[in-house]
Amino acid sequence: MTHPSLFAAKSCGPPGEVEHGRRMGAMTRFTSSVKYECHEGYELFGRAHRYCQSSGQWSGTLPECRPVQCDKPEDPLNGRAIFDQLLFNSVVRYECHHGFRLKGPSTARCNSQRQWEGAPTHCVEIDCGHPGHLHNGYVEFRSSTLNAKATYNCFDGMKFQGESNTSICLDTGNWSNPLPKCLDPGQTLDH
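So for the sequence shown, the UniProt record's numbering puts the first residue at 1; every next one is plus one.
Right, here's the structure in full:
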């Protein structure tokens with residue numbers, strides 16, 4: 001005696017879809033199989049393959065595609081890393097402590113290989129450099145870092161021409177005032 005129900009092709013119905021991934025295989029009959037893969041930046045949790053069983057049920061449970069996670073980004077020396085998440089495509093922003101400025105990218109993104117793309121970056125001390133050489137005069141300054149002060153002096157008998165006789169090193173890395181001039185009183189002034 002034969003049992004027709006054993007030989008009838010059973011369908012398991014749709015095996016299900018995964019968010020942030022795709023399913024390969026469309027057959028839903030007994031002995032069919034499907035395979036799941038995740039999109040870039042996501043990893044599979046659960047079994048990649050499911051099989052249509054004689055019971056009319058798919059084997060196992062539907063897997064999940066979860067975003068990959070980067071390690072916590074390191075704070076740059078004299079700065080900090082600011083972030084909300086460590087997941088794929090998350091962005092970290094870098095800031096420097098007062099008196100320092102960023103050298104390198106200000107942000108980095110968590111890529112599919114669990115690496116921060118755009119790093120490394122570091123913070124360097126703000127330095128305005130030498131305030132300049134004053135013809136017919138001299139510049140007094142002790143430092144050229146943030147908030148340092150330079151004083152411009154003309155030699156005796158020379159006439160000062162400029163916005164100010166002092167300049168301050170700004171957080172932009174520039175001196176607050178342009179280099180003045182020390183002119184011989186007989187020279188004509190530039191306009």
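C-beta: ideal position from N, C-alpha, C; glycine also.
Nearest to residue 163 by alpha-carbon distance, out of 51, 151, 118, is 151. When Cβ pairs closer than 8 Å are counted between the two stretches, the region 98-108 is seen not to touch the region 137-144, the count staying below three. Closest in C-alpha terms to residue 81, from the list 72, 88, 87, comes 72.
Classified as exposed, residue 35 has fewer than 16 neighbouring CB atoms from the shown chains inside 10 Å of its CB.
The C-beta distance from residue 131 to residue 160 rounds to 15 Å, too long to fall under 8 Å, and the pair is not in contact. The beta-bridge partner set that DSSP reports for residue 158 is empty. Looking at the DSSP output, residue 35 sits in a beta bridge with 24, 49. Residue nearest to residue 28 within the set 58, 106, 40, 22 is 58 (criterion: CA-CA distance).
When the beta-carbon positions are compared, residue 68 and residue 43 come within less than 8 Å of each other. The C-beta distance from residue 88 to residue 41 rounds to 4 Å, short enough to fall under 8 Å.
Leaving aside the five residues that flank residue 158 on each side, the residues in its chain whose CB is nearer than 7 Å to its CB run, in chain order, 136, 137, 182, 183, 184.
Every beta strand (DSSP E) of 3 residues or more that sits fully in the UniProt domain "Sushi" (68-125) is shown, in chain order, as 79-82, 91-96, 100-103, 107-110, 122-125. Residue pairing for residue 151: DSSP places it in a beta bridge opposite 140, 166.
The continuous beta strand (DSSP E) containing residue 182 extends over residues 181-183. By the neighbour-count criterion, in which 16 or more other beta carbons inside 10 Å mark a residue as buried, residue 22 falls on the exposed side. When 14, 168, 147 are compared, the shortest CA-CA separation from residue 33 is found for 14. Around the beta-carbon of residue 11, fewer than 16 other beta-carbon atoms lie within 10 Å, marking it exposed. Shown here for residue 16: same chain residues with a beta carbon closer than 7 Å to its own, the five before and five after excluded, namely 62 in chain order. Between the alpha carbons of residue 173 and residue 166 lies a distance of about 16 Å.
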